[in-house]
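Numbering (UniProt numbering), first residue to last: 1 to 921. Written below as structure tokens is the structure these notes are about.
Pasting the structure below:
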């Protein structure tokens, strides 16, 4: 009978325990033991993952195995049907065929090829312990019995009807060898030496070698090299194919060499394992030594009273901080839990620093701490007037805020949003408000922000986690009621880290921000006392829910007299000091400033005006230095002593300016120069006449695009992110009117979808007006028109140019030029209704800048017109209109209807007569 085995092959002379689970095989083994024939063949599965107790196919196992004796068998604990058998291999055998148990006629044999080779007895226990002695005894017994037995008796006849593996096998005999061969002796010695090395590294090997050396058969390994090779393979954890190859090798010299290779690999593994073990042990010993020394040092310091335990001191510091803060109950509970957690953590633990940082942030928030606000109306007015000119809406809102606080004694936080073009002072007014209220000020920009964590903070589990910018603002300001300026809220981004605009919904909601939850702190923070001020250039890109939570205050652009006042009070003195001319007689006249505003800086804000004034003073500084020369302003006087030394060092350096010299420390100093005083004899005056010498020729040479408008040109008003602007609409007749010409309309000027629709509406409405009021005027029936809005590089969109386009087309149809000082804005419907528009303040400023004297606007915007400051409306006549008929009466006063009716008759008749004359010819 044969059984398959897994994992690794068996070698003669070395015990191996196998577990059998198949009931038929278990029964067969028990029966064999009872009959005194406990011998089987053991063959290794070719597939390492295969399992089973029966050989189904001869190809499933290696053909070379071992003839083994079952020395003992006992049941497996927990499994009654399984059996553990201890096998003692005697010799190598080779399977020649597999006998099917269902073939009754076939001669079924046990493992030996000849029944006569079956040993008759199990060796006694004393000899079982010495494995190789049993093997040699059995071989001798087998040979002896094979000579004596002559009768063909079948010892496996009782297995004929069992479902077990029966095989025919041949005994394999080792090839003869010379024990004194130098190669065999050399390899044997090398194996013995490797054994000694492995034994010194691996205690398990040492025990197995001791057992092998005490056996009788291993008395002299030089005399039995084959046994030594088998032992080397049996105790090595080599690859299964290598071990099977050793089992199948019958040439002793080759077997020794293969066994040496396997043993060498085992030695390399043992050396690597020993190295790793020593490294780990060395590292642990170093840490333990450092730990013991640190503990001893702490103990010595405590005894001397130099320093207490670092962790205890840290916990005590946090506890003292917490007692000084008026934490809410929920926060206090979290603080106590985290503090207890810190007290029980080891400083070397990774969680220790996380908890420490968290407690650090938690104790740096100003719980219950507020700054004393100044609710003095006069103080606030003086501060705001000192820093900003104009901005009446903003100043009135802040004064209302202060008045409420004065009466209540406290004030809740508000969310204000300043919307206006660049350069009108949105950001700087926030700082002035904080100064007027005596509040701490914190500013951060959300322009291009795409990460929600900037607002809400990171989770504490992340490496390098931080709270959001709002919590950082509270930490920096150390008050619960600072003024936080959120800049560029209309340019907030959106990325794969979330939508920050949605995260701002909780922050900027007065009903929710009294319990704002930051991801890092994870405790509610009261932000209801914070005054939030947001700035934006436009509201179109701000999400509607966010816009609804903020109180909008619109800042329009400055008119000429406001810019004049700002330049005289703020921009001029600041630019003069910046140019180093603070105490020098350099005078920028009012006429020069007016010319700058009129011909160079027509934008809504004052940033460009500031740049131009700075340019004037810089040019003046250059002119003064060049006129006086180096003798009056010598370079030596400007250098301090440290500066001279640094200059000398830098002159010695010949390296390229791209490279940092090695002696850079000697070539630098904190104050290398001092300012030079300009003599009192210098006098510079910049007026209107010599202004172009400083800032170049004028950018704008006229107030308007048209001083005299031809028929078909009307001035409209547009709103942009930069403020208001004058938008002209031009209409022309592309070809002469004839009786057979076809009508058409071409539009240009980079018009977007809504404005193109406005063009179609205006064209249809203009034809309707002509058909109703001037039925004899067939201009639109035959005219091929072209409508254009200048500055084609600028995209234009919006419905507010409707009445301007209709007026332009009617002006062309009636051949009536418009007054160039009339500006208009309003959305037009196909029935002639004029609808409400936005940005009337900015448009009025633009009209004033363009020199308009009359503005036509929708009647629904009358309230906006009445709210405009008088200095903006000064010199401008406003006319609200409900229908286009009102516009028609304003732009075409005293129109002769009869003349308008018969305006194009002559051209059409003349063309018709000429055509008829050509036909007669």
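All C-beta atoms, glycine included, are put in the ideal place defined by N, C-alpha and C.
Limits of the unbroken alpha helix (DSSP H) element including residue i
| i | result |
| --- | --- |
| residue 340 | 329-343 |
| residue 685 | That residue, residue 685, is in no alpha helix (DSSP H); its beta strand (DSSP E) goes 683-686. |
| residue 924 | Outside the shown range of the chain, which is 1 to 921, sits residue 924, and nothing can be said about it. |
| residue 8 | Looking at the DSSP string, residue 8 is not in any alpha helix (DSSP H), and its letter there is neither H nor E. |
| residue 841 | 840-849 |
| residue 619 | 607-632 |
| residue 171 | Where residue 171 is concerned, there is no enclosing alpha helix (DSSP H), although the beta strand (DSSP E) it sits in stretches over 166-171. |
| residue 436 | 426-437 |
| residue 483 | Here residue 483 belongs to no alpha helix (DSSP H); instead the beta strand (DSSP E) covers 483-487. |
Beta-carbon spacing of residue i, residue j below 9 Å
| i | j | result |
| --- | --- | --- |
| residue 483 | residue 530 | yes |
| residue 761 | residue 866 | no |
| residue 99 | residue 166 | yes |
| residue 845 | residue 802 | no |
| residue 843 | residue 825 | yes |
| residue 466 | residue 489 | no |
| residue 38 | residue 84 | no |
| residue 600 | residue 444 | no |
| residue 888 | residue 794 | no |
| residue 718 | residue 798 | yes |
| residue 410 | residue 439 | no |
| residue 731 | residue 814 | no |
| residue 2 | residue 55 | yes |
| residue 892 | residue 811 | yes |
| residue 807 | residue 729 | yes |
| residue 510 | residue 455 | no |
| residue 10 | residue 73 | no |
| residue 715 | residue 852 | yes |
| residue 430 | residue 492 | no |
| residue 322 | residue 345 | no |
Reduced DSSP category for residue i - H, G, I as helix; E, B as strand; rest coil
| i | result |
| --- | --- |
| residue 545 | helix |
| residue 96 | strand |
| residue 294 | helix |
| residue 69 | strand |
| residue 900 | helix |
| residue 85 | strand |
| residue 382 | helix |
| residue 587 | strand |
| residue 832 | coil |
| residue 134 | Reliability fails at residue 134, whose pLDDT of 35 lies under 50, so the model's placement of it is uncertain and the value that follows must be treated cautiously. In this structure, residue 134 counts as helix in the three-state DSSP scheme. |
| residue 667 | coil |
| residue 800 | coil |
| residue 880 | strand |
| residue 91 | strand |
beta-carbon residue i near the ligand GTP non-hydrogen atom, thresh 8 Å
| i | result |
| --- | --- |
| residue 165 | This structure simply doesn't include the ligand GTP, nor any ligand for that matter. |
For residue j and residue i, believed in contact at Cβ under 8 Å, the rounded distance
| i | j | result |
| --- | --- | --- |
| residue 520 | residue 458 | 6 Å |
| residue 787 | residue 759 | 6 Å |
| residue 532 | residue 413 | 7 Å |
| residue 841 | residue 554 | 7 Å |
| residue 818 | residue 713 | 7 Å |
| residue 402 | residue 380 | 5 Å |
Start-to-end residues for the beta strand (DSSP E) that takes in residue i
| i | result |
| --- | --- |
| residue 536 | 531-536 |
| residue 747 | 744-748 |
| residue 19 | 16-20 |
| residue 714 | 713-720 |
| residue 417 | 415-419 |
| residue 554 | 551-554 |
| residue 823 | 822-824 |
| residue 784 | 784-788 |
| residue 443 | 441-445 |
| residue 854 | 854-858 |
Beta carbon proximity, residue i to chain C, threshold 9 Å
| i | result |
| --- | --- |
| residue 644 | The chain labelled as chain C is not found in the depicted structure, where only one protein chain is given. |
> Counting Cβ pairs, one atom from each stretch, are 3 or more of them under 8 Å apart for the segment 364-371 and the segment 390-409?
Replying inline: With the cut-off at 8 Å, the segment 364-371 and the segment 390-409 do not touch.
>> Could you check whether the segment 678-695 touches the segment 615-627, counting it as contact only if at least three pairs of C-beta atoms, one from each stretch, sit closer than 8 Å?
In response: Inter-segment contact for the segment 678-695 and the segment 615-627 is present: three or more beta-carbon pairs are separated by less than 8 Å.
> With contact counted as at least three CB pairs below 8 Å, one residue from each stretch, are the segment 580-588 and the segment 535-547 in contact?
Replying inline: In this structure the segment 580-588 does not touch the segment 535-547; the number of beta carbon pairs closer than 8 Å is below three.
> Do the segment 874-884 and the segment 738-752 make contact, defined as three or more Cβ pairs closer than 8 Å?
Replying inline: A contact between stretches requires three or more CB pairs, one per stretch, nearer than 8 Å, and the segment 874-884 fails this requirement with the segment 738-752.
>> Does the structure place the segment 603-613 close enough to the segment 561-578 that three or more beta carbon pairs sit under 8 Å?
In response: At 8 Å Cβ cutoff, the stretches touch.
> On the three-pair Cβ rule with 8 Å, is the segment 675-687 touching the segment 650-657?
Replying inline: Segments in contact, no.
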